[in-house]
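First residue of the sequence shown: 199, per the working numbering; consecutive thereafter.
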Amino acid sequence: MEIQVRPYREGDLPAMVRIWNEVVEDGVAFPQLDLLDERSGREFFAGQTHGAVAEDSDSGRILGLYILHPNNVGRCGHIGNASYAVSRESRGLHIGEKLVLDSLAQGRACGFRVLQFNAVVRTNVHARHLYERLGFRPLGEIPGGFLMKDGHYEDICLYYHLL
């Protein structure tokens, strides 16, 4: 399997919506409650500063994606934020690492000076270990900041990476 990360194209949108919705449905990582459909997905992904997919070059199958956008506006607009999603059947293949590394490079290319994550769920240990291994620094935790799908509240961790 040869995995490449590249900017998304119109033809990738059905796979991107499916993968995004898988993570939303899991209810343990993304804050969104509403699923995307074809129209809302097209608008959502087009509204980002940058979006990319991880593609298996051999099969053309989309395995994951990320979005990159400002974390805030105006005088804080130089701080970027990103979200990553990997398809259920592709987790554990180090696709997330490829997506994060590409987002760091694209963040710099887009003029961001910092990449900040506002809500990494404390129990998402695989993501947290990856971010820390790639140089993200923890900023602290917000107790009970995330409503899990099962109804309990979990702490969220904040991270940043200087670009």
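All residues carry an ideal CB built from backbone N, CA and C; glycine is no exception.
Values in this document were obtained by computation on a predicted structure and should not be read as measured data.
Would I277 pass as a contact of Q314 if the rule is Cβ separation under 8 angstroms? yes
Measuring alpha carbon to alpha carbon, tell me which of R311, H248, V226, E200 ends up nearest E362. Since the first and last residues shown for the chain are 199 and 361, residue 362 lies out of range.
L299 (DSSP reduced to helix, strand or coil): helix
Spatial distance of S288 from G262 (CA atoms): 8 angstroms
Which word fits H324, buried or exposed, when buried means at least 16 other C-beta atoms lie within 10 angstroms of its C-beta? exposed
Assuming contact is defined by CB atoms lying nearer than 8 angstroms, are A317 and I354 in contact in what I supplied? yes
Do G343 and H359 have their beta-carbon atoms positioned less than 8 angstroms apart in this structure? no
Is the CB-CB distance between L328 and Y357 below 8 angstroms? no
Would you tell me roughly how many angstroms separate the C-alpha atoms of I201 and M214, rounded to the nearest one? 16 angstroms
Neighbourhood of L211 by C-beta distance below 8 angstroms, restricted to the same chain and skipping five residues each side: E236, G239, R240, F243
So L361 packs on R306, CB below 8 angstroms; how close in whole Å? 5 angstroms
Segments assigned beta strand (DSSP E), at least 3 residues, entirely inside the stretch 255-337: 260-268, 277-284, 312-319
Under the three-state reduction of DSSP, which class applies to A252: helix, strand or coil? strand
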